[in-house]
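S.K.:
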Amino acid sequence: MKFDQEKKPIRENLFTERTEGDLVGFRCKSCNHILPPLTLVCNYCYGEDFERLPLSRMGKLYSYTAVYQPHKHFKVPYFAGYIDLPEGIRLFAPLKEREGKPFKVGMAMELIVEKLWDEDKDEVIGPKFQPA
Ligand SMILES: [Zn+2]
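Heads up: the sequence shown begins at 2 in this note's numbering, then just goes up one per residue.
1. Under the three-state reduction of DSSP, which class applies to K122: helix, strand or coil?
2. Which residues bound the beta strand (DSSP E) around G26?
3. Check whether the segment 12–23 touches the segment 64–82, taking contact to mean three or more Cβ pairs, one atom from each stretch, closer than 8 Å.
4. Using 8 Å for Cβ pairs, my map puts F130 next to E111. What's the rounded Cβ distance?
5. Inspect the beta-carbon positions of G82 and I11 and report whether they are closer than 8 Å.
6. Which one or two residues does DSSP pair with E83 in a beta bridge?
7. When you measure from the CB of G48 to every non-hydrogen atom of ligand 1, does any distance come out below 7 Å?
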């Protein structure tokens, strides 16, 4: 990180701390379903009254792919996949490779929060999952 560079989350209210911590999901107060981060309206009952719920940092790899489509910020190929959390929700996220632990459907994955790209003078950070 360069001098006076600030960390900026890719979306506000994504983490329990502004730039780190757990992902924030929600419990719908009307129907009790657990909902993924950044949800505005409940998928089940259209309710909008939620309780904040820090989500587990550990999940299982449901499926993944190597992405070859050019991306403004990611060098191709990069990996992306779906992570099933114990709360019963499935998240889509970029994946980080880990030496000696190739991606395998069903494997344990852990949340990491790290720099995604630089933007003006700031460092944009966001969630990724890597093999645990
Ligand atoms: Zn609901």
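Backbone N, C-alpha and C define an ideal beta-carbon position, used for all residues, glycine too.
M.R.: To lay it out plainly:
1. Here K122 sits in coil by DSSP.
2. For G26, the uninterrupted beta strand (DSSP E) run begins and ends at 25–29, by DSSP.
3. Under the three-pair Cβ rule at 8 Å, the segment 12–23 does not count as touching the segment 64–82.
4. At roughly 7 Å, the Cβ-Cβ gap stays under 8 Å, so F130 and E111 are in contact.
5. A distance of 8 Å or more separates the beta carbons of G82 and I11.
6. Note that residue 83 is Tyr in the sequence shown here, rather than Glu. DSSP output for Y83 lists S64, F93 as bridge partner(s).
7. Under cutoff, so the answer is yes.
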